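In the numbering used here, the protein residues as written are 1 to 374. Let me begin by presenting the structure, written as structure tokens, before commenting on it.
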Amino acid sequence: MDTSTLCVHGCAKKFDTTGAVAVPIFASATFAHPGVGQSTGFDYSRSLNPTTVHLEDTVAALEGGCSAVAFSSGMAAVSALMELFSPGDHVIASDDLYGGTVRLFTFISEKNGVKVSYAAPQDIEKEVRPSTKAVFIETPSNPMMRVTDIAAIAAVAKKNNLLLIVDNTFLTPYLQKPFSLGADIVLHSGTKYLGGHNDTLAGMLVVKDPKLDEKIRFIAKTTGGCLSPFDSFLLIRGIKTLAVRMERQQETALKIVDWLLKQNAVKKVYYPGLKEHPDYEISRRQASGFGAMISFTVQDGQTAVRVLESVKIIKYAESLGGVESLITYPMLQTHADLPESERNARGINDCLLRLSVGLEAADDLIADLEQAFR
Ligand SMILES: *Cc1c(COP(=O)(O)O)cnc(C)c1O
């Protein structure tokens with residue numbers, strides 16, 4: 001079945017006998033038992049809820065995994081993920097990541113005794129130690145749009161007996177399927193493209209090994225960061241249009257990239273679909289599209305501030321992947337908690353802007369940017 005069909009219909013509907021075309025919201029915290037020692041399969045919604053299970057099975061099917069667990073946010077998913085590790089364990093992370101993930105590694109994982117070190121993708125193998133348990137990558141990365149060769153890192157992980165975790169938030173399973181390239185765990189901020197409407201937060205951990213599913217489910221029900229039935233419904237509804245949204249958003253992104261390249265005030269455009277992007281070939285090989293996230297630098301900090309304060313249709317706001325186009329200032333928003341030296345080393349300075357291209361008409365977005373640059 002094509003991914004776009006799977007997006008619309010989701011997994012087989014298991015829990016409804018009325019023929020309802022939309023998935024019902026089972027707004028119930030608890031479920032009555034038919035008898036002592038018996039269960040309908042549902043006991044308490046922190047462990048399993050029918051609406052949430054429908055979402056989980058749909059995302060698992062989209063990614064080609066065996067199962068998925070939904071969380072109340074992407075960070076709740078990362079937080080649960082890190083509970084797989086024990087004090088003394090070591091995790092290698094790629095060196096350009098969502099700022100919230102770096103914050104969690106730095107202030108929570110380290111405190112709990114899990115050491116995280118960072119490496120450029122080509123240096124990951126050099127970081128492997130006897131205590132290393134996993135490699136965590138995000139591709140394309142946030143905000144520098146670097147692309148990591150997932151299959152190459154999977155080979156390193158396999159050779160060293162490490163779990164490979166891939167944050168697939170930016171491309172979604174519609175454009176990139178990390179399991180087919182050797183990943184063990186796929187992570188999503190469902191807040192972004194999966195939900196797609198800037199109206200809810202969600203996170204997902206998807207696995208292809210039932211043993212790993214058992215561990216993650218145990219952590220999820222024990223730590224309690226579950227997604228509510230209503231938010232599960234919003235994600236299910238969002239995913240129905242994932243394929244058309246991704247197609248249209250990336251088509252518009254390409255038009256905006258072309259326009260940005262012609263502007264004198266724009267110094268550099270970071271988009272993996274550009275032939276001059278250093279990772280263009282890897283991108284083409286491992287994904288079926290380049291997505292709709294663009295980072296770019298302008299001539300100076302003043303221009304960046306002017307653009308942020310002058311856009312009208314595009315909103316100056318955190319987050320990405322929704323129908324509304326959003327522009328962010330990574331230095332002050334997503335990556336504010338990174339030390340300045342580290343930010344600068346990564347190119348996250350006062351000239352860098354990140355644009356999430358939404359579903360508005362390309363001409364309107366370009367006209368909006370044009371008036372903001374003036
Ligand atoms: C937003 C984001 C997260 C965190 O997800 P929340 O839903 O905001 O908690 C993690 N990874 C990436 C790549 C993100 O963009």
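Every residue gets a Cβ at the ideal spot worked out from N, C-alpha and C, and that includes glycine. Being a predicted model, the structure only gives us computed values, none of them experimental.
Per-residue burial, GLN286 [other beta carbons within 10 Å of its own, 16 or more giving buried]: Here residue 286 is taken as the residue at index 286 of the sequence shown, counted from 1. So GLN286 ends up on the buried side.
Ligand 1 heavy atom lying under 7 Å from the CB of PHE170: Against the sequence shown, residue 170 aligns to sequence position 170. The answer is yes for PHE170.
For ARG146, the nearest candidate out of ALA120, ILE153, GLY190 and ILE124 (CA to CA): As a working note, residue 146 is residue 146 in the sequence shown. Minimum Cα distance to ARG146 is reached at ALA120.
VAL53 - DSSP class collapsed to helix/strand/coil: Along the sequence shown, read from residue 1 onward, the residue named residue 53 stands at position 53. Helix.
Heavy atom of ligand 1 within 7 Å of GLY74 beta-carbon: The count along the sequence shown starts at 1 and reaches residue 74 at position 74. Yes, since a heavy atom of ligand 1 falls inside the 7 Å radius drawn around the Cβ of GLY74.
Sequence-distant residues of its chain with Cβ nearer than 7 Å to LEU201 (five each side left out): Your numbering for residue 201 matches position 201 in the sequence shown. Correct list, in chain order: SER72, SER73 and THR191.
Neighbour-count burial assignment, ASP95, 16 or more Cβ in a 10 Å radius: Numbered from its first residue, the sequence shown carries residue 95 at position 95. Classification for ASP95: buried.
Simplified DSSP state of ILE348, which is helix, strand or coil: Along the sequence shown, read from residue 1 onward, the residue named residue 348 stands at position 348. The answer is coil: DSSP assigns ILE348 none of H, G, I, E or B.
Classification of ASP167 by the beta-carbon crowding that lies within 10 angstroms, buried from 16 upward: Locating residue 167 in the sequence shown gives position 167, counting from the first residue. Under this definition ASP167 is a buried residue.
Residue(s) in a DSSP beta bridge with GLY196: The residue labelled residue 196 in the question sits at position 196 within the sequence shown. DSSP, once it has assigned bridges, lists no residue as partnering GLY196.
Distance, LEU164 Cα to GLY41 Cα: In the sequence shown, residue 41 corresponds to position 41, counting from 1. In the sequence shown, residue 164 corresponds to position 164, counting from 1. Approximately 31 Å, taken between the alpha carbons.
ASN142 beta carbon near ligand 1 (any heavy atom closer than 7 Å): One-based indexing of the sequence shown puts residue 142 at position 142. Correct: ASN142 has its Cβ closer than 7 Å to ligand 1.
Residues that DSSP places opposite TYR270 in a beta bridge: Here residue 270 is taken as the residue at index 270 of the sequence shown, counted from 1. TYR270 is bridged to SER295.
Continuous alpha helix (DSSP H) stretch holding LYS221: start and end: As a working note, residue 221 is residue 221 in the sequence shown. From DSSP, the alpha helix (DSSP H) with LYS221 extends over 210-223.
Distance between VAL8 and ALA22 (C-alpha atoms, nearest Å): Locating residue 22 in the sequence shown gives position 22, counting from the first residue. Locating residue 8 in the sequence shown gives position 8, counting from the first residue. So the alpha carbons of these two residues sit roughly 10 Å apart.
Element boundaries [alpha helix (DSSP H), containing TYR174]: Working through the sequence shown from its first residue, we reach residue 174 at position 174. Start and end: 172-175.
GLY88, buried or exposed, once every other Cβ within 10 Å from all chains shown has been counted against 16: The sequence position of residue 88 within the sequence shown is 88, counting from 1. GLY88 comes out exposed.
For HIS33, the residue or residues it bridges with in DSSP: The sequence position of residue 33 within the sequence shown is 33, counting from 1. Bridge partners of HIS33: none, in fact.
Proximity test, GLU360 beta-carbon vs ligand 1 heavy atom, cut-off 7 Å: Residue mapping note: residue 360 aligns to position 360 of the sequence shown, counting from 1. Not under cutoff, so the answer is no.
ILE153 - containing alpha helix (DSSP H), residue span: Residue numbering aside, residue 153 sits at position 153 when the sequence shown is read from its first letter. Looking at the DSSP string, the run of the alpha helix (DSSP H) that includes ILE153 is 150-159.
Check: LEU326 C-beta below 7 Å from any heavy atom of ligand 1: For the purposes of this step, residue 326 is identified with residue 326 of the sequence shown, where counting begins at 1. For ligand 1, not one heavy atom lies less than 7 Å from the Cβ of LEU326.
Rounded straight-line distance, which links the Cα of PHE296 to that of GLU276: If you number the sequence shown from 1, residue 276 lands on position 276. If you number the sequence shown from 1, residue 296 lands on position 296. Whole-angstrom Cα-Cα distance: 14 Å.
Near ligand 1: SER189 beta-carbon under 7 Å from a heavy atom: On the sequence shown, residue 189 is found 189 positions in, with the first residue counted as 1. It does: the Cβ of SER189 is within 7 Å (strictly closer) of some heavy atom of ligand 1.
Buried or exposed (CB count within 10 angstroms, at least 16 for buried), VAL36: Reading the sequence shown from its first residue, position 36 is the one you call residue 36. With fewer than 16 other Cβ atoms within 10 Å, it is exposed.
Pair within 8 Å by beta-carbon distance, TYR193 and MET144: Taking the first residue of the sequence shown as 1, we reach residue 193 at position 193. Taking the first residue of the sequence shown as 1, we reach residue 144 at position 144. Not closer than 8 Å, so no.
Spatially closest choice to ILE25 from LYS240, VAL244, SER228 and ALA243, by CA coordinates: Taking the sequence shown and counting its residues from 1, the one referred to as residue 25 is at position 25. Measuring from the Cα of ILE25, the nearest candidate turns out to be SER228.
Candidates ALA336, LEU187 and VAL116, of which the one nearest SER67 by Cα: As a first step, residue 67 is located in the sequence shown; it is residue number 67 there, counting from the start. That would be LEU187, whose Cα lies nearest to the Cα of SER67.
contact_flag[the region 316-323, the region 345-363] where n(CB pairs < 8 Å) is 3 or more: yes
Best match in TYR174, ALA157 and ILE327 for proximity to ALA183 [C-alpha to C-alpha]: Residue mapping note: residue 183 aligns to position 183 of the sequence shown, counting from 1. Comparing Cα-Cα distances from ALA183 to each of TYR174, ALA157 and ILE327, the minimum goes to ALA157.
Element boundaries [beta strand (DSSP E), containing MET204]: As a working note, residue 204 is residue 204 in the sequence shown. Residues 203-207.
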